[in-house]
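Report on the following structure.
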Amino acid sequence: MRFVKTYWLEMLMVLPLFAYIIGFTLLPILTNIKESFIDQRFGRRYDILASKRADIRYDIAHTPESEDKRAYEKELAETSLALESLQHSPYAGLSLSNYRKLLTDRSFLTAIVNTLAITLLGLALQFVVAMSIALVLSRPFRGKGFFRTVVLTPLGIPTIVSATIMTYIFDTSGYLNEVLYRLGLLGEVPIDWAQGGWLSIGMVVFADTWKVLPLMVLLFIAGLEAIPQSVHEASQIDGSPPLYKFFTVTLPLMKPYITIALILRAIDAFRIFELPLILAGTATTPLISTFTYSEYTRQNYNLSAASGTILTGIILLFVFTYLYIVERDTNA
Amino acid sequence: MHYTRRVTLGLLLGSLGLVRVSSGGMASLSSGETLSLSASLGENEWKVMREHVFPPFEAREHCRIRAVNIEAGDTLKKIEVMHRANRMSIDLVLLDNMNLAPYVEKRLVLDLTPYQALIEPAVDASLVQPLTFDGRLMFFPGRPNVQITYYNTDVFSGTGYHIPETWDELLAVAQRLKAAYKVGKVAVHGTLDGSTTAQVFEFITAAGGKITTFNDAGSIKAFTFLQQLYPYLSPETKKANWNTTNTFLSNDTLFLARNWSVGMQVIVQQNQKTNIQAYATWAGPAGRATMIGGDVIAITKRSPHQELALKFAGYFMSREVQTLLVSELGWPPIRSDALGSVPEWQQGFFQAIMEALRYGHYRPAIMGWSAVEKYVNLAFKDIVMDGRDVQTTLDTYARDLQEELDWLK
Amino acid sequence: MLKKLLQPFPLYLSLVVTSLIILYPIFLMVRISASYPADIMKHHKDVFWGPGGITLEHWRNIFTSGLLLPSLFKSLLVATMVMLLAILIAAPAAYVIARVGSPWKYLCIIALFISRTFPEVAIALPVSVVFLHWHLLDTSFGLILAHLIKVLPYVGWILIGTFEAIPLSLEEASSVDGASKIRTLRRVIFPLSLPGVAVAAMLVWLESWNEFTYALYLTVSENTLPLQTYYYLNRGGIFNSAAYATIITLPVMVLTFILQRYITSGMLAGGVKS
């Protein structure tokens, strides 16, 4: 109790944040996970019957005394009976059927592959480009300020806007095909970027990279700036080639920043939603997040919950695997 | 010190005040009631509603109309959500007729049987019949809608290419266009959602099949034909739906495609194309068939303004409004005495629409329509796009569909 | 080390090409919003500009449609409220976490971090059900709460870094002087943390202004700007959506331009040190 007395202010300060996170993130996730273990067919039917019953009760309660309620009561009895028999059907209770269904669905499996491909490819591309730009921006040169502003511009573009613009560019009769045509790289047959497969993955990766680059560049610049000047001077006296120095000195020193950048990016990349929804459509290039959304729109809430849970699992798996590998290297 | 304290206090109070404002609803601006209605309309359609349709009603009934746009695919969810929370903020819905059964089953709409008299004799009876469920009238007719075949008049000038009137001609035209332009110039809606289902429905019905049976002779013929046709279609078929088709027609990616009547507004008025026209449709083995879509009028069960909503429904079905809808938007009327004059640029389209309506069929209004849609789209992907065997795929999905439909009974 | 890379010509060439790639899409958006339909609705597009020139017709259309101002106002209201509430909730907590001892701090950061890993699409559904029960669906207040879900971990993360940067010695000096905890907070911590808090606030505002997913799930009638853009996009209103996109982007670009001078990359690294 003395603890509370001394630290009452601190506890008060921390409370809102954690209450919010527990209430609005943890609880919904747990609800979601619970929903995912209810067979979709059962869930749908139960939903229809339960809301029907509640509705009939409401109607009965609000019908004036004078009117005939027998029709309602008959309906109520029927519905209650149906609910009873549903509870005793083989599909009641917790089941793995949703997961089984998802993992045998060709479209969902493609979605998993697409999500992994987009994330990993995207990470690689963003790492290379962001690092290069950060290196360039870490040394003074004329026009550096202007270039830095240019690089940071996409940070400000809302995702829906960038998705909109990218559709103009990647349409079959869009601007990218036009540029390629004018450069003579394309004949009369335009490239169909949204056909699925690697082309669409590449399209989504490019569009996402465009938007996300500024943040990574900033993180890497922070990392580069954190390297003390003395290290640079020492390595210069050394006389070894620049690339060697980069890999043996700079990169290891930037490790914490790289880790953070990659993990933060990976989390967002796995969850990418608006961009593929608008750019690629759910038909040819499904991703786990768009798959979750389409099941939601078809009112398959349990299937949608299962799909969302699988995505969460993949993300957590990736993060912990990466951290484990990275930590192992440090301790070795 | 006092300054910062005052500033923080002021900020807190100010934010509380803003919170109050944001959680309150919209204040009623007039002394009368406010009728809230929702529909899924394009910008120019809303303009006509706000400028021509709503004001006379507002004046007559001393009320205000609050109109909200809810896309067709979202309406069921949102109405259901409001109904369950007992916070119904929509009184009347101009509802897309693509999936009416859930509204009835989930008890979301008012039983309109006692108000049948609101439907005047001049209203086409065939439009009312599909709106009865279990002998009860659950919806009023609003406006029928149908797809027409748009074509590029520069290409289909009659000298080089003729507009196809049968399936065989359609296949031939698609082949010739692909050979000439190296890429397909004809498309069907291939986005594997409601748009695809609607067009597949038309093909199946034109071959004498029933979409809910799924593997009858007509359906097999339809899917076989589509499988044959697909390689000669434009790659944009995958992205072609009721919306993007208009863009593709406008920028010459497509020369021939079916789409809803709203296309004429987007293509001709918004995009200012003068070389696009339309005709009704082509004929399959069992004749011409189109699908009747459009909107019906539904009144929500827990609406707080039921009487006003009913009055508006009657108003919407009246001769004055229907005539207005014809002349301003080119919408086909629900009654025989509402023949307004359509502006000249619209006349060709309007004729095509009226003719297409003559061959119209309704989707079956069953609870499991979303399941039917799912399997139709799966079949389309497997058979038409991926080239799998027609018979076996259809048989498998017919079985799965039956199982799901049984669950939903 | 980079001297070779910094040879003027290849360096500047690659900078120019990169800048073009980065800026072209934005240019395209603004251009489409002010172009004649005939210029855009062509099979072979003009890469830079077409013969038609500029028209302000689309802009006139969206201003007179009556839909722009309500969604603009809603987006503005929600973003500002989210910013205020996020700082109010996250800043005090971040301060405590930054000062707390090792195992707890690590745990808290992990907790904040994990809450960010869940896909919004998965959370939005149960959240909308809860909001339904609380009668918050389709209200601005509900949307504000939903945006906070998304934004709080992010803000907490940045602010922890900000408070960590304030040396403990200052606080100790203040308490040696006899000031109470609250006094120290007000006179020492508060002013020093202002730059970091300001940057976090602006980032939150931007995040909320652009937000789409929760709005998609939780709105029935009053659209936010991104939702309105999506509506036009879904209906083939290329010109309208381009104009709306430009409107959404303008304040964002202005804020980013101001921000980029103050974002010290150290802020984003947040709890990296731990």
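Chains as they are written, first to last, in our numbering: chain A, 5 to 336; chain B, 3 to 411; chain C, 206 to 479.
Just so it is clear, CB atoms sit at the ideal spot from N, CA and C, and this is done for glycine as well.
Predicted model only: the values in this text are computed from it and were never measured.
Is it true that the CB of V55 of chain B sits closer than 9 Å to the CB of V328 of chain B?
Taking 9 Å as the Cβ cut-off, V328 of chain B and V55 of chain B do not qualify as a contacting pair.
R86 of chain B touches chain A at which residues, Cβ-Cβ below 7 Å?
Those are S55, listed as they occur along chain A.
Of the choices A:Q199, A:T29, A:E69, A:A81, whose alpha-carbon is the least far from that of A54 of chain A?
Out of A:Q199, A:T29, A:E69, A:A81, A:A81 has the C-alpha closest to the C-alpha of A54 of chain A.
In the DSSP assignment, the beta strand (DSSP E) including A167 of chain A goes from what residue to what residue?
Looking at the DSSP string, A167 of chain A is not in any beta strand (DSSP E); the run it does join, the alpha helix (DSSP H), is 163-174.
Distance between L97 of chain B and T77 of chain B (C-alpha atoms, nearest Å):
Counting only the Cα atoms, L97 of chain B lies some 8 Å from T77 of chain B.
Those residues which DSSP pairs with P143 of chain B across a bridge
Answer is B:V298, bridged to P143 of chain B.
CA-CA distance, S320 of chain C and D254 of chain B?
Between S320 of chain C and D254 of chain B, the alpha-carbon positions lie close to 48 Å from each other.
Can you tell me where the alpha helix (DSSP H) holding W410 of chain C begins and where it ends?
For W410 of chain C, the enclosing alpha helix (DSSP H) covers residues 395-415.
Reducing DSSP to helix, strand and coil, say where L20 of chain B ends up.
Per-residue confidence for L20 of chain B stands at a pLDDT of 49, beneath the threshold of 50, marking its modelled position as unreliable; no derived number is given.
Is S236 of chain B near F250 of chain B, with beta carbons less than 9 Å apart?
The answer is yes: Cβ separation under 9 Å.
In chain order, each alpha helix (DSSP H) run of at least 4 residues that lies wholly inside the stretch 37-69 of chain A
List check, alpha helix (DSSP H) in window: 44-66.
Going by beta-carbon coordinates alone, are A358 of chain B and Q149 of chain B separated by less than 9 Å?
Closer than 9 Å, so yes.
Considering only their Cβ atoms, is the gap separating G227 of chain A from Y261 of chain A smaller than 9 Å?
Yes, the pair counts as a contact, with Cβ atoms nearer than the cut-off.
Taking the alpha helix (DSSP H) that L97 of chain B belongs to, which residues open and close that run?
Per DSSP, L97 of chain B is not a residue of any alpha helix (DSSP H); the beta strand (DSSP E) it occupies stretches across 94-98.
Between the alpha carbons of V209 of chain A and G312 of chain A, how many angstroms are there, rounded?
C-alpha separation (whole angstroms): 21 Å.
Just to check my reading of the structure: E63 of chain B and K313 of chain B have Cβ atoms closer than 8 Å, yes? What is that Cβ distance to the nearest angstrom?
Between the beta-carbon of E63 of chain B and that of K313 of chain B there is about 6 Å, and that keeps the pair under the 8 Å contact cut.
Contact check, I354 of chain C vs Y419 of chain C, beta carbons under 9 Å:
With contacts defined as CB atoms closer than 9 Å, I354 of chain C and Y419 of chain C qualify as a contacting pair.
Could you check how far apart the C-beta atoms of A259 of chain B and A242 of chain B are, in whole angstroms? I think they sit under 8 Å.
About 7 Å; that satisfies the 8 Å criterion.
In chain A, what lies closer than 7 Å to R321 of chain C by C-beta?
Residues of chain A passing the Cβ test: I271.
When you compare the CB positions of G176 of chain A and W197 of chain A, do they come within less than 9 Å of one another, or not?
Gly is not the amino acid found at residue 176 of chain A; the sequence shown has Thr there. In this structure, T176 of chain A places its C-beta atom within 9 Å of the C-beta atom of W197 of chain A.
As an exercise, report each continuous alpha helix (DSSP H) stretch of at least 4 residues that is fully enclosed by the stretch 177-250 of chain B, in chain order.
196-208, 219-231, all fully within the stretch 177-250 of chain B.
As assigned by DSSP and simplified to three states, the class of I278 of chain B:
It is a strand residue.
So, with DSSP's three-state summary, where would you put Y165 of chain B?
Per the sequence shown, residue 165 of chain B should be read as Ile rather than Tyr. Residue state, collapsed to three classes: coil.
Proximity test, A316 of chain C beta-carbon vs the ligand GDP heavy atom, cut-off 8 Å
Of the ligands one can find in the structure shown there are none, so the ligand GDP has no counterpart to examine.
Members of the stretch 349-374 of chain B that neighbour chain A once the beta carbon cut-off is set at 7 Å:
Cβ contacts with chain A: S372.
Beta-carbon spacing of I319 of chain A, M458 of chain C below 9 Å
In this structure, I319 of chain A sits away from M458 of chain C, with a CB-CB distance that is not shorter than 9 Å.
Going by DSSP in three states, L137 of chain A sits in which element: helix, strand or coil?
Before going further, note that residue 137 of chain A is Ile rather than Leu in the sequence given. Helix at I137 of chain A.
Can you tell me where the beta strand (DSSP E) holding Q91 of chain A begins and where it ends?
It is not in any beta strand (DSSP E) - Q91 of chain A instead sits in the alpha helix (DSSP H) that spans 74-91.
Check the DSSP bridge columns for E135 of chain B and list the partner residues they point to.
Note on residue identity: the sequence assigns Phe, not Glu, to residue 135 of chain B. In the DSSP output, where bridge partners are listed per residue, F135 of chain B has B:R138.
So for N428 of chain C, helix, strand or coil by DSSP?
N428 of chain C falls in the coil class under three-state DSSP.
Cβ contact check for the stretch 409-426 of chain C and the stretch 350-367 of chain C: 3 or more pairs under 8 Å:
With a cut-off of 8 Å, the stretch 350-367 of chain C and the stretch 409-426 of chain C count as touching, because enough Cβ pairs lie within range.
Could you tell me the alpha carbon to alpha carbon distance between N277 of chain B and M356 of chain B, rounded to whole angstroms?
If you take the alpha carbons of N277 of chain B and M356 of chain B, they lie about 21 Å apart.
DSSP state of M234 of chain C, grouped into three classes?
DSSP places M234 of chain C within a helical segment (H, G or I) once states are collapsed to three.
Is there a Cβ of chain B sitting closer than 9 Å to that of V402 of chain C, yes or no?
Interface flag for V402 of chain C against chain B is unset, since no Cβ pair is found closer than 9 Å.
Do you know whose CA, among C:I452, C:V425, C:Y229, C:A327, lies nearest S293 of chain A's CA?
Cα-wise, what sits closest to S293 of chain A is C:A327.
From the DSSP output, read off the bridge partner residues of W262 of chain B.
Beta-bridge pairing links W262 of chain B to B:Q149.
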